[in-house]
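Taking it in order: structure first as structure tokens, then the write-up.
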Amino acid sequence: MSDQERGASPMQAARNGDPAPNGRHGQNGTNGNPEYSAKNIQVLEGLEAVRKRPGMYIGGTGVDGLHHLVWEVVDNSIDEVMGGYATTVHISLHDDGSISVLDDGRGIPVDLHEATGKPALEVIMTVLHSGGKFDKKSYKFSGGLHGVGISVVNALSEWCEVTVWRDGDTYQQSFARGEPRGPMTVTSGADRRGTKVQFKPDSQIFQTTEFNFDILARRLRELAFLNPGVKIVLRQKATQKCHLFEYKGGIASFVEFLNETKTPLFRDVVFFQKERDGVEVSVALSYNDGYSEQFFAFVNNINTVDGGTHVVGFRSALTKVFNDYLKKDPSLLGKEKGKDVKITTDDVREGLVGVLSIKVPEPQFEGQTKGKLGNPEVRGIVDSVCTEFLAELLEQNPMVAKPVLDKILTSMRARIAAQKARELTRRKTALEGSSLPGKLADCQETDPAKSELFIVEGNSAGGSAKQGRDRRTQAVLPLRGKILNVEKTRLEKVVGNEILQDLIAAVGTNIGKDDFDITKTRYHRLVIMTDADVDGAHIRTLLLTFFYRYMPEVIEKGYLYIAQPPLYKVKKGKIERYAYSEAEKEKLVAEFGGSDQVSLQRYKGLGEMNPEQLWETTMNPATRTLKKVQALDALEADRIFSVLMGDKVEPRRQFISQYAKHVKNLDI
Ligand code: 28G
0 MSDQERGASP
10 MQAARNGDPA
20 PNGRHGQNGT
30 NGNPEYSAKN
40 IQVLEGLEAV
50 RKRPGMYIGG
60 TGVDGLHHLV
70 WEVVDNSIDE
80 VMGGYATTVH
90 ISLHDDGSIS
100 VLDDGRGIPV
110 DLHEATGKPA
120 LEVIMTVLHS
130 GGKFDKKSYK
140 FSGGLHGVGI
150 SVVNALSEWC
160 EVTVWRDGDT
170 YQQSFARGEP
180 RGPMTVTSGA
190 DRRGTKVQFK
200 PDSQIFQTTE
210 FNFDILARRL
220 RELAFLNPGV
230 KIVLRQKATQ
240 KCHLFEYKGG
250 IASFVEFLNE
260 TKTPLFRDVV
270 FFQKERDGVE
280 VSVALSYNDG
290 YSEQFFAFVN
300 NINTVDGGTH
310 VVGFRSALTK
320 VFNDYLKKDP
330 SLLGKEKGKD
340 VKITTDDVRE
350 GLVGVLSIKV
360 PEPQFEGQTK
370 GKLGNPEVRG
380 IVDSVCTEFL
390 AELLEQNPMV
400 AKPVLDKILT
410 SMRARIAAQK
420 ARELTRRKTA
430 LEGSSLPGKL
440 ADCQETDPAK
450 SELFIVEGNS
460 AGGSAKQGRD
470 RRTQAVLPLR
480 GKILNVEKTR
490 LEKVVGNEIL
500 QDLIAAVGTN
510 IGKDDFDITK
520 TRYHRLVIMT
530 DADVDGAHIR
540 TLLLTFFYRY
550 MPEVIEKGYL
560 YIAQPPLYKV
570 KKGKIERYAY
580 SEAEKEKLVA
590 EFGGSDQVSL
600 QRYKGLGEMN
610 PEQLWETTMN
620 PATRTLKKVQ
630 ALDALEADRI
640 FSVLMGDKVE
650 PRRQFISQYA
660 KHVKNLDI
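Reading the sequence shown from the start, the letters are residues 0 to 667 in numbering that gives the first Met the number 0.
Okay, here's the thing in structure tokens:
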């Protein structure tokens, strides 16, 4: 498809600076698109409101809000690509802190807007909600906070410059904090088509104005997956970093990407797409031999992190289809044949890697962060589309059906066995009362907000920590023995592992979909304290894997920390100082007058410190440093842990050589 608009330039009036009352409007009702004319633009309100309450429009003025500006502009370009009018979107980070987005679409219309007598471009840039997205007839899909319009970006930018190449001419206009610096200018001659928007976020509005390359890269990659065929180029001038995202396979490529670090149960990713009652449903899925699920759902390209009716529909279809498959051939059940057993939604989740992407004309996003789809009609639509496709797939494709069913039945058996075991222990614990682990040295404080738990490797260090701590607020749990690699284990076994049982009981939240309860956390600081050597690092990674997989909310809440024990004691006469890094050690030695003046002790383990030293260097809130464990998004966390702790060698090798530069003591 290409631009159909040709003929007289709509900008004759502006060229001679005399807006004609009956200037021509673009006529491009191609391919059944509703006719666009500048009249459609609804003048709603000024940009003052946006600058006064930016959070209302972009969610906030922190890092997320800042990047929201980019998504807003990029969304416009992607719309052009998905409409078939553009192929490529370039996003460039410039040295002056500005960012530019460039597409090769039709170019924002520049014809005269009758009501205001101004060019459409200026209206789109300065009038809230004027992009047309809120005019339901002229825009099919929009979502959430997205689609508030490019004028919001303009309002929140110190400066913004727009260039449009259209009908062989170049149009330009500059703005400062939303206000035009002058009228739109026209230069004749342009050998290209499209739109470029460059802006510098306003430091009067945002807490930070520095764009983050990784945040941009992650979302742009996601957009490239969700919009197959689109080419997205991300560039940073200063670092010469450049990424091209282009996935012809769409969400099927997304699933391949997610599965890259895993062992799949069948070769080709399952993919289908179907429109029903105005809702377009696309699904890509695969299964691997792991125990965690990786499932991402999108509505109009927006990640619905809290699920919603579309996810409920999908899960119900998947479960139903496998139950029906069993009903048709009960012998597949093996020893459970004839018993009243049923596959549940949880059984079909283990090892599932899936992406569900739907397009809905009028999505209702719910919940605090608008991450949940509410439209009730969507549930049935997604359910029926998925049921029809998956039922046929299983019938026709035993190479998929067989291994997946085996896996699901294994999950089902484990679930039933665990349920029985749990009923037994419930009865037991009901008799025994609450049961904190015997190894736990608890603190006196009962308010979780004021309590800390030190999770300590090894018994001798545990002993020192128990003696050295402030017992009013600090609890200590020593861990002894090998910690289970939860990456290669299913929930039931995790629950049965003694060391992890102690940890789970001490933390208080329990684990598992139905049982985990963040409000039961007994401490708002959980501090992992391990030796500063390779073994300690390994144990730390195992514990981190456990928390990421089984208590991710603990990390999201910012409750998880890593203690920083010193690496050296530097001593001169009676003066003792601690160094927490090589650089710090060098500095101290120099301060004390060189290495022949000092005695140096290298700590290999926490056990080498006496209780007082451990308190002073690592546990005393007044002098210690703790590192807070960062919350990663689901995709990143999964990749890191499945690469580090899973059993594929090649991705691990790549990961290590990629990160070796930055990370010392990488714990693998
Ligand atoms: C580079 C930075 C971000 C854009 C266009 C193209 C058109 C357009 C944009 O129209 C009004 C509302 C919905 C259709 C449409 C051009 C029709 C004919 C366009 C962008 C009319 C705005 N000719 N390219 N807006 N729409 N790229 N990139 O912003 O119904 S925005």
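All residues carry an ideal CB built from backbone N, CA and C; glycine is no exception.
Open item on the list: Is it buried or exposed, GLN668, if we count other Cβ atoms within 10 angstroms and call 16 or more buried?
Closed with: Outside the shown range of the chain, which is 0 to 667, sits residue 668, and nothing can be said about it.
Open item on the list: Under 7 Å: does the beta carbon of VAL232 sit that close to some heavy atom of the ligand 28G?
Closed with: no
TODO: Specify whether the segment 63 to 71 and the segment 202 to 209 touch according to this definition: at least 3 beta carbon pairs, one from each stretch, less than 8 Å apart.
DONE: yes
TODO: Going by CA-CA distance only, name the one from ALA189, PHE321, GLU245, PRO108 that's closest to ASP405.
DONE: The shortest Cα separation from ASP405 among ALA189, PHE321, GLU245, PRO108 belongs to PHE321.
Open item on the list: Spatial neighbours of PHE295 within its chain, please: C-beta separation below 6 Å, excluding the five flanking residues on both sides.
Closed with: VAL354
Task: Close beta carbons around PRO447, own chain, < 7 Å, minus the five adjacent residues each side - done: Around PRO447: THR520, ARG521, TYR522, HIS523.
TODO: Taking the CB atoms as reference points, tell me whether ARG52 and ARG192 lie closer together than 8 Å.
DONE: no
Open item on the list: Measuring only from the beta carbon, is SER673 closer than 7 Å to any heavy atom that is part of the ligand 28G?
Closed with: Since the displayed the chain opens at 0 and closes at 667, residue 673 lies outside it and no answer follows.
- [ ] Please go through the same chain and pick out, in chain order, the residues whose beta-carbon is closer than 8 Å to the beta-carbon of PHE212, but skip the five residues on each side of it.
- [x] LEU92, LEU233, GLN235, THR238, LYS240
TODO: With a threshold of 7 Å, establish whether the CB of ILE123 neighbours any heavy atom of the ligand 28G.
DONE: yes
Open item on the list: Measuring only the C-alpha atoms, how far is ARG651 from LYS481?
Closed with: 22 Å
TODO: With DSSP as the reference, label GLU365 as helix, strand or coil.
DONE: Here GLU365 sits in strand by DSSP.
- [ ] Look up ASP534 in the DSSP assignment and say whether it is helix, strand or coil.
- [x] In the three-state DSSP reduction, ASP534 falls in the helix class (H, G or I).
- [ ] Check whether the Cβ atoms of ASN287 and VAL347 sit closer than 8 Å, and answer yes or no.
- [x] no
- [ ] With DSSP as the reference, label LYS465 as helix, strand or coil.
- [x] helix
Open item on the list: Going by the DSSP bridge assignment, what does PHE265 pair with across the sheet?
Closed with: PHE265 has no beta-bridge partner at all, per DSSP.
- [ ] From the DSSP output, in three-state form, read off MET528 for me.
- [x] strand
Task: 7 Å CB neighbourhood of GLU79 in its chain, flanking five on each side removed - done: ALA85, ASP102, GLY104, ARG105
- [ ] Any chance you could list the beta strand (DSSP E) runs of at least 3 consecutive residues sitting entirely within the segment 587 to 628, in chain order?
- [x] 598 to 601, 625 to 627
Task: ILE301 Cβ short of 7 Å to the ligand 28G heavy atom set - done: no
- [ ] Return yes when the Cβ of GLU456 is within less than 8 Å of the Cβ of ILE538, no when it is not.
- [x] yes
Open item on the list: Just to confirm my understanding: we take TYR558, look at its own chain, exclude 5 residues before and 5 after, and list those with CB closer than 7 Å. What are they?
Closed with: THR520, HIS523, ARG524, LEU525
Open item on the list: What would DSSP say about GLY379, mapped onto helix, strand or coil?
Closed with: DSSP places GLY379 in helix when its eight states are reduced to three.
Task: Near the ligand HEM: LYS195 beta-carbon under 7 Å from a heavy atom - done: The ligand content of the structure shown is limited to the ligand 28G, which means the ligand HEM is not among them.
Task: Validate contact between the segment 590 to 605 and the segment 558 to 578 using beta carbons, cut 8 Å, 3 pairs - done: Yes: at least three Cβ pairs fall under 8 Å.
Open item on the list: Taking the alpha helix (DSSP H) that TYR290 belongs to, which residues open and close that run?
Closed with: Note, TYR290: premise wrong, no alpha helix (DSSP H); not H, not E.
TODO: Would you kindly report the start and end of the unbroken beta strand (DSSP E) that includes ALA474?
DONE: 473 to 478
Open item on the list: Residues in the same chain with beta-carbon distance under 8 Å from ASP276, minus the five sequence neighbours each way, listed in chain order, please.
Closed with: Setting aside the 5 residues that flank it on each side, ASP276 is surrounded in the same chain by GLU376, ILE380, each with a C-beta closer than 8 Å to its C-beta; the list follows chain order.
Open item on the list: In the DSSP assignment, the beta strand (DSSP E) including LEU101 goes from what residue to what residue?
Closed with: Run containing LEU101: 98 to 102, per the beta strand (DSSP E) assignment.
TODO: State the Cα-Cα distance for the pair SER281 and GLY645, rounded to the nearest angstrom.
DONE: 29 Å
- [ ] Determine which residues share a DSSP beta bridge with TYR286 and list them.
- [x] LEU351
Task: Residue from MET528, GLU157, CYS442 whose Cα sits closest to the Cα of ARG623 - done: MET528
TODO: Can you have a look at THR518 and say buried or exposed, based on whether 16 or more other CB atoms are within 10 angstroms of its CB?
DONE: exposed
- [ ] Consider the C-beta atom of LEU127 and the heavy atoms of the ligand 28G; say whether any pair is separated by less than 7 Å.
- [x] no
Open item on the list: Can you tell me whether MET411 is buried or exposed? The criterion is at least 16 other CB atoms within 10 Å of its CB, across all chains shown.
Closed with: By the neighbour-count criterion, in which 16 or more other beta carbons inside 10 Å mark a residue as buried, MET411 falls on the buried side.
Open item on the list: Quick test of the definition: if touching needs 3 or more C-beta pairs under 8 Å, does the segment 108 to 127 touch the segment 175 to 183?
Closed with: yes
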